[in-house]
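Quick notes on the structure that follows.
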Amino acid sequence: MGGRRRGRIIAVQSLYRHDLSGAGLDDLLDFSWIDGERPITLADETASFARLLIQGTLENLEAVDAAIRRHLEHWDFTRLARVDLALLRVSVYCLLFQKEIPSSVTIDEAVDIARAFGGPDSWRFVNGVLDAVHRADAAL
20 MGGRRRGRII AVQSLYRHDL SGAGLDDLLD FSWIDGERPI TLADETASFA RLLIQGTLEN
80 LEAVDAAIRR HLEHWDFTRL ARVDLALLRV SVYCLLFQKE IPSSVTIDEA VDIARAFGGP
140 DSWRFVNGVL DAVHRADAAL
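With our numbering as the guide, the letters of the sequence shown map in order to residues 20 to 159.
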């Protein structure tokens, strides 16, 4: 698994943790929670990328959530599966604020992560919402 993919997964897990427990930014960024009792060593690039995604998403959470809400069709924001929400938040942050990352890469990575960690149809849902956010942002 590549360093950036691992960083995205860590960011999704961190936002999921934040949503469930209300863990603060410092707790999320220290990564001591990864792999429980076994300490894990992250490559500097992976850790830096994960921190960028976590901090950026949380700092821009209002704009990120607003973009997600605008592109939910026939679905209530409060009913989103928490894993899907965490993944959408990280990915929408990238689409809106990390313009140096190609949109196709962000969407493809999100779909792959949704296949691995989400429900059976999560990847389709994630793909649809992210594509709508991307198209709307590109139209601006």
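From the three backbone atoms N, C-alpha and C, an ideal C-beta is built for every residue, glycine too.
C-alpha distance - aspartate 95 paired with arginine 143, whole-angstrom precision: 17 Å
8 Å CB neighbourhood of arginine 101 in its chain, flanking five on each side removed: Tyr35, Asp38, Leu39
Cβ-Cβ distance between isoleucine 87 and valine 111 below 8 Å: yes
Segment contact, 8 Å Cβ cut-off, at least three pairs: the segment 103 to 122 with the segment 68 to 85: yes
Classification of aspartate 103 by the beta-carbon crowding that lies within 10 angstroms, buried from 16 upward: Aspartate 103 comes out buried.
Cβ neighbours of threonine 65 in the same chain (closer than 7 Å, five flanking residues each side left out): Gly22, Arg25, Gly26
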